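Asks: The following block contains the structure, expressed as structure tokens.
This is the structure in structure tokens:
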């Protein structure tokens, strides 16, 4: 168990150290550290922040994937299932249509609004059922999609282009202060989520199963929903929706390591970071100097790998 | 006294149930579909709230127990457990130690108890297997092991024999009878002969209330079966002195 976590940590560190060195323009580390232009700018203001964003985003999405799959007891759940990212998208699209510059803030507001609506709907008489959570979340997704279509229909040509780009999802270099903010939220939330791994194990089997072993299931489910929504909302506000990470990383790890959340959550954090870091690097170099949207790459890299994994361990997965 | 209920009700399924249960022994709950057996068991397990009336365990209302303390004294076994994720049998059994957990990991004592429970339920052979790969009967025994490591004073079982073949039904009830020497075991069952054979006390339910309570051979009479189940039954003396019930088709 500690060995799995250690290997995952090594993988993430290797990605974190090598990804910034790879790109369409060749740079020399010595020149970059000596402050020579343009190597310094490329390394410290283009690549490093972008790689850090990829690492944090991948970690947050994978942890949320594990969490939502566990809470909903649905292997096909992902961070976007419960509606928060659609709220973020509506916020961003609205900001683009209104000519409001801070799309990030607008999408955060959208995510928060959906979080409150879903929570308000799903709590009935101080009880919270994961089933209501799922239905409310899926409904919010459909409604948000309708609003986005409507706004897109009204948008001008250039707005329409911006909307499409946002909805594709993508990683761009962001300010270090923004990264610090993101890290200050993502890392503690992931730590607090992982600390409850034994309770997630019980909840993954069932509400009654957990409750009859001493867990307050309503409080735990509400906590999981809020934590996952914070992670997803923050990342989506900065990157737009990046699909597949939250689905494939948890599943690949379950096939290899089993279902114990004490292993699964830390490894998902580390390898989710590594996975998105690798996908982002590929998206920068495959058809350089043009970039592929990273969401396209996560699906294209992850999909075949996942199919292979399914085929090789099919029996234990579908049994 | 372990459990005592006074005019206990819950939603539409249960009303005015009044009974007291002893501290040890095997208690069966019988009754037609929809009589409120599972609901009653759920209320006793602290899983169905808010209930009306009173349901106390060890003198304190079930709803007032701290969940963790309650889980150390009362274990609940659902009719079937559906698992979506690749937990091993041993992991499922060890989950029963959660009410005692101090940190993140199981102690050697926890592992020892799990081993013992798996030996008791004859599940040691597949401890490392994926729970989902087990047959219905094997799953039921693993779930029982998971409840036993809670070291409870009371086991509440919702139709534990439903998915078992004849041999495993009898083996399970023999095991429950052994456990019931030191603990209270409450099992919902549809098999009145199992109730006659193994239980010390039976509760017969109909329409959310208790229609009969007491020693099985006294309570399960042809008249009661006719009025509760609408089935004509005759009670015959069995070879071992325990009455045997025959149903007319």
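Chains as they are written, first to last, in my numbering: chain G, 7 to 325; chain H, 172 to 420. From the three backbone atoms N, C-alpha and C, an ideal C-beta is built for every residue, glycine too. For clarity, every value in this text was computed on a predicted model and none was experimentally measured.
Using DSSP's beta-bridge definition, name the partner residues of residue 301 of chain H.
Replies: H:259, per the DSSP bridge assignment.
Asks: Can you check which of these residues, G:306, G:302, G:290, G:262, is closest to residue 13 of chain G by C-alpha distance?
Replies: Checking every option, the nearest Cα to that of residue 13 of chain G belongs to G:262.
Asks: By a C-beta neighbour count over all protein chains shown, 10 Å radius and 16 as the cutoff for buried, is residue 313 of chain G buried or exposed?
Replies: Per the 10 Å Cβ criterion, exposed.
Asks: Using only CA atoms, which one of H:231, H:324, H:298 lies nearest to residue 194 of chain H?
Replies: It is H:324 whose Cα lies nearest to the Cα of residue 194 of chain H.
Asks: What is the rounded straight-line gap between the Cα of residue 402 of chain H and the Cα of residue 265 of chain G?
Replies: Roughly 47 Å separates the two Cα atoms.
Asks: Against chain G, with Cβ distances strictly below 7 Å, would residue 249 of chain H count as a contact?
Replies: Chain G, which has a Cβ nearer than 7 Å to the Cβ of residue 249 of chain H, makes this yes.
Asks: Please determine, among H:353, H:281, H:202, the residue with the shortest C-alpha to C-alpha distance to residue 377 of chain H.
Replies: Per the Cα distances, H:202.
Asks: On the premise that residue 283 of chain G lies in contact with residue 57 of chain G, defined as a C-beta separation below 8 Å, what is that separation, rounded to the nearest angstrom?
Replies: Rounded, the Cβ-Cβ distance is 6 Å, consistent with contact.
Asks: Could you spell out the range, first to last residue, of the alpha helix (DSSP H) harbouring residue 183 of chain G?
Replies: First-last of the alpha helix (DSSP H) with residue 183 of chain G: 182-201.
Asks: Note down, in chain order, each residue of its chain lying with its Cβ closer than 8 Å to the Cβ of residue 408 of chain H, except the 5 sequence neighbours on either side.
Replies: Within the same chain, residue 408 of chain H has close Cβ partners 414, 415.
Asks: If we cut at 7 Å on Cβ distances, does residue 292 of chain H have a partner in chain G?
Replies: So no, residue 292 of chain H is outside the interface.
Asks: Under the rule that 16 or more other beta-carbon atoms within 10 Å means buried, what is residue 275 of chain H, buried or exposed?
Replies: The residue in question, residue 275 of chain H, is exposed, as its Cβ has fewer than 16 Cβ neighbours within 10 Å.
Asks: Quick one, are the C-beta atoms of residue 30 of chain G and residue 216 of chain G less than 7 Å apart?
Replies: Going by C-beta atoms, residue 30 of chain G is not nearer than 7 Å to residue 216 of chain G.
Asks: Under 7 Å, Cβ to Cβ, is there at least one residue of chain H near residue 102 of chain G?
Replies: Residue 102 of chain G does not count as touching chain H.
Asks: Give the single residue among G:187, G:202, G:92 whose Cα lies nearest to the Cα of residue 172 of chain G.
Replies: Of the candidates G:187, G:202, G:92, the one whose C-alpha sits nearest the C-alpha of residue 172 of chain G is G:92.
Asks: Should the stretch 276-292 of chain H be called in touch with the stretch 228-241 of chain H, which here means at least 3 C-beta pairs below 8 Å?
Replies: Contact fails: fewer than three Cβ-Cβ distances are below 8 Å.
Asks: So, is the C-beta of residue 82 of chain G closer than 7 Å to a C-beta in chain H?
Replies: Answer no: the Cβ-Cβ gap between residue 82 of chain G and chain H never drops below 7 Å.
Asks: Do residue 384 of chain H and residue 190 of chain H come within 7 Å of each other at the CB atom, strictly closer than that value?
Replies: Against a cut-off of 7 Å, the Cβ pair of residue 384 of chain H and residue 190 of chain H comes out as a contact.
Asks: Helix, strand or coil for residue 96 of chain G? Go by DSSP, reduced to three states.
Replies: Reduced to three states, the DSSP call for residue 96 of chain G is helix.
Asks: According to the neighbour-count rule (16 or more other Cβ atoms, all chains shown, within 10 Å of its Cβ), is residue 183 of chain H buried or exposed?
Replies: Exposed: under 16 other Cβ atoms inside 10 Å.
Asks: Anything in chain H within Cβ reach of residue 203 of chain G, meaning under 9 Å, just list it in chain order.
Replies: Within 9 Å Cβ-Cβ: 275.
Asks: Would you identify the three-state DSSP class for residue 175 of chain H, choosing helix, strand or coil?
Replies: Residue 175 of chain H falls in the strand class under three-state DSSP.
Asks: As an exercise, report each continuous beta strand (DSSP E) stretch of at least 3 residues that is fully enclosed by the stretch 204-250 of chain H, in chain order.
Replies: Qualifying beta strand (DSSP E) stretches, in chain order: 223-228, 245-248.
Asks: In three-state DSSP terms, what is residue 40 of chain G?
Replies: Reduced to three states, the DSSP call for residue 40 of chain G is coil.
Asks: Taking residue 187 of chain H and residue 250 of chain H to be in contact with their CB atoms under 8 Å, please state how far apart those CB atoms are, rounded to whole angstroms.
Replies: At roughly 25 Å, the Cβ-Cβ gap does not stay under 8 Å, so residue 187 of chain H and residue 250 of chain H are not in contact.
Asks: Anything in the stretch 256-287 of chain G with a Cβ closer than 7 Å to a Cβ of chain H? List those residues in chain order, please.
Replies: Answer set for the stretch 256-287 of chain G: 260, 264, 265, 266, 268.
Asks: Could you tell me which chain G residues have their CB closer than 9 Å to the CB of residue 259 of chain H, listed as they occur along the chain?
Replies: Result: 264, 265, 266.
Asks: Could you name the residues that DSSP lists as bridge partners for residue 325 of chain H?
Replies: In the DSSP output, where bridge partners are listed per residue, residue 325 of chain H has H:245, H:355.
Asks: Assuming residue 114 of chain G and residue 243 of chain G make a contact with CB atoms under 8 Å, what is their CB distance in whole Å?
Replies: Indeed they touch by this definition, with Cβ atoms about 5 Å apart.
Asks: Just to confirm the assignment, what range does the beta strand (DSSP E) spanning residue 107 of chain G have?
Replies: Taken as a continuous stretch (DSSP letters only), residue 107 of chain G belongs to no beta strand (DSSP E), as it is neither H nor E.
Asks: Under 7 Å, do residue 326 of chain H and residue 318 of chain H count as touching if we go by C-beta distance?
Replies: Against a cut-off of 7 Å, the Cβ pair of residue 318 of chain H and residue 326 of chain H comes out as a contact.
Asks: Select from the stretch 67-93 of chain G all residues with a C-beta closer than 9 Å to any C-beta belonging to chain H, and list them in chain order.
Replies: Within the stretch 67-93 of chain G, the residues whose Cβ lies closer than 9 Å to some Cβ of chain H are 75, 76, 79, 80, 81, listed in chain order.
Asks: Is residue 82 of chain G near the ligand HEM - that is, is its Cβ less than 6 Å away from at least one heavy atom of it?
Replies: As presented, the structure is devoid of all ligands, the ligand HEM included, so that no description of it is given.
Asks: Would you mind giving the Cβ-Cβ distance between residue 28 of chain G and residue 287 of chain G, rounded to the nearest angstrom? I have them listed as a contact below 8 Å.
Replies: The Cβ separation is near 5 Å, so the contact holds.
Asks: Determine whether the beta carbon atoms of residue 250 of chain G and residue 296 of chain G lie at a separation below 7 Å.
Replies: Taking 7 Å as the Cβ cut-off, residue 250 of chain G and residue 296 of chain G do not qualify as a contacting pair.
Asks: Taking the alpha-carbon of residue 343 of chain H as reference, which of H:172, H:294, H:228, H:224 has the nearest alpha-carbon?
Replies: Among H:172, H:294, H:228, H:224, the Cα nearest to that of residue 343 of chain H belongs to H:294.
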